[in-house]
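Colleague: Before we start, here is the structure in question, set down as structure tokens.
In my numbering, the protein residues as written are 177 to 266.
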């Protein structure tokens, strides 16, 4: 599937490992586009929990307003995302 979202960079291969890449998505439009893809093709692991938090963060991040509510929501969602993904970094 071709998405035209973000940029794909090759990663160095060590030993007998298979080729890998790094998919980098940074712009607001690309993040919104990725939420559409992931809504069509949902994750089937615990990553889905992290995605649901990230999706809400994208919603607040892409809003045009610059309000205290937006900043509070993003701060809360950042903390929540760190909690949800804490086990992934061990």
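Using N, Cα and C, we set each Cβ at its ideal position, and we do this for glycine too.
(1) Does the beta-carbon distance from residue 234 to residue 255 come in below 8 Å?
(2) I'd like to confirm something about residue 215: is its beta-carbon nearer than 7 Å to some heavy atom of the ligand FAD, or not?
(3) Under DSSP, the alpha helix (DSSP H) around residue 254 begins and ends at which residues?
(4) Out of curiosity, what's the CA-to-CA distance linking residue 261 and residue 205?
(5) Does DSSP put residue 186 in a helix, a strand or coil?
(6) Could you pull out every residue in the same chain whose Cβ sits closer than 6 Å to the Cβ of residue 209, ignoring the five residues on either side in sequence?
Modeller: Working from what's here:
(1) No.
(2) What this structure holds is no ligand at all, so the ligand FAD is not there to describe.
(3) Unbroken alpha helix (DSSP H) run through residue 254: 244-260.
(4) Taking the straight line joining both Cα atoms gives about 24 Å.
(5) DSSP places residue 186 in strand when its eight states are reduced to three.
(6) Residues 181 of the same chain have their beta carbon placed closer than 6 Å to that of residue 209, with the five preceding and five following residues left out of the count.
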